Amino acid sequence: GSPMPQKGGMPDFEAMGINLNVGFVLNIIPFLLGLLTIILLVKPLHNRSFQTVVNGGRKTRWGRVFMAALVWIVVSAVWMIYSLKSDPGNFRINNTSTSLIVLAILALTLIPFQAAFEEILFRGYLMQGFAVLARNRWIPIVVTSLLFGLMHGLNPEVQQYGFLTMMPQYIFFGLVFAVLTMFDDGIEMAIGAHAANNIFLSVLITHDDMALQTPALYEQVQIYPWKEFAGLVVMSVVFLVIMAIICRWKDIRKLYARIIVPVVAPEVSDAVDAG
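Taken in order, the sequence shown gives residues -6 to 268; the numbers are from the working numbering.
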């Protein structure tokens, strides 16, 4: 048999004659399975509830998820309007058919699971594990952000623009979500912002080297990775400042305070034994 057509490191569904929306769903399925796996394994492996991975065991703060998503969407929309105005020739209308509505519905229902999986794995599970081992906060932030970057190492963008060009973007993204998680003592905001970012991009902008190929509204003709990175930094700083104001975070020292591991928690020693 002939090898599967690929675009970057991803299967090229268009070349196989598969509808892009179907391809989009197929791309998300592994994340759903990953999420299920974590949910099922936390208890038997570490003798603790899945909820402890989310925010230390409290109720999930859904308001945090939606608030972060909304703020991220607003900041992204402002950036996109600026991009369209400053470089109109770089964007063409790509899709105005009903498949765009189908895509929007699929993105809104499926991408939150993908974002949740990545946040639960990196900013929940792994960050807590490294925090227990390192007994401080900045080591888990840095290590999980590097791992998060490396996880995206097979993305087609990396093959197109080079490892050293794209890695800072993914690692920086990881840092933003890690800092958010540390300040808010939970991953709800990170899930909201991460999902909002991926939904926004997949529905509104596509280009040839994107990891998730979708029938988006606009196609971006030319990518300038360092300009995109600068935009991401500005957006992220604005986003974090808005969140800090809304949540009244005042104490920046939280990021480098030592972590006191509670003696009462048997799951911590189990986690170290198992890990």
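From the three backbone atoms N, C-alpha and C, an ideal C-beta is built for every residue, glycine too.
Bear in mind that the values here come from a model prediction, so they are computed numbers and not experimental data.
Please name the residue or residues paired with residue i in a DSSP beta bridge.
i: Q213; result: F84
i: T199; result: E212
Rounding to the nearest angstrom, what Cα-Cα distance links residue i and residue j in this structure?
i: V257; j: D178; result: Here the model assigns V257 a pLDDT of 41, short of 50, so the residue's position is not dependable, and the following value carries that caveat. Whole-angstrom Cα-Cα distance: 19 Å.
i: N88; j: I74; result: 18 Å
i: C240; j: G117; result: 20 Å
i: I184; j: G27; result: 15 Å
i: V15; j: N83; result: 27 Å
i: T199; j: Q153; result: 15 Å
i: N12; j: F166; result: 30 Å
i: L33; j: F24; result: 14 Å
i: S262; j: A97; result: Confidence at S262 is low in this model, with a pLDDT of 43, below 50, so its placement is unreliable and the value that follows should be read with caution. The straight-line gap from Cα to Cα measures roughly 44 Å.
i: F115; j: I180; result: 10 Å
i: M228; j: N148; result: 22 Å
i: Q107; j: Y163; result: 16 Å
i: A100; j: G122; result: 31 Å
i: I245; j: R85; result: 42 Å
i: A124; j: V67; result: 32 Å
i: G49; j: V18; result: 31 Å
i: S90; j: Q215; result: 23 Å
i: T53; j: V46; result: 11 Å
i: L140; j: L38; result: 22 Å
i: M203; j: L157; result: 17 Å
i: A127; j: M144; result: 22 Å
i: T137; j: R130; result: 11 Å
i: L63; j: V226; result: 18 Å
Could you check how far apart the C-beta atoms of residue i and residue j are, in whole angstroms? I think they sit under 8 Å.
i: N191; j: I104; result: 5 Å
i: E221; j: F170; result: Not quite, the Cβ-Cβ distance comes to about 18 Å (not below 8 Å), so this is no contact.
i: A186; j: L173; result: 7 Å
i: A61; j: M236; result: 7 Å
i: P208; j: M159; result: With a Cβ gap of about 24 Å, P208 and M159 do not count as contacting.
i: L210; j: L197; result: 5 Å
i: I132; j: L168; result: So it is not a contact: roughly 13 Å between Cβ atoms.
i: W72; j: G224; result: 6 Å
i: M182; j: R51; result: About 14 Å; that fails the 8 Å criterion.
What span of residues does the alpha helix (DSSP H) with residue i cover, start to end?
i: Q44; result: Q44 to N48
i: H145; result: Per DSSP, H145 belongs to no alpha helix (DSSP H) and is neither H nor E.
i: W219; result: P218 to C240
i: Y163; result: F156 to D177
i: Q206; result: Here Q206 belongs to no alpha helix (DSSP H), and DSSP marks it neither H nor E.
i: K36; result: L13 to H39
i: F123; result: M120 to A127
Self-check item: beta strand (DSSP E) runs contained entirely in the segment 57 to 112, provided each spans 3 or more residues
Solution: 84 to 86
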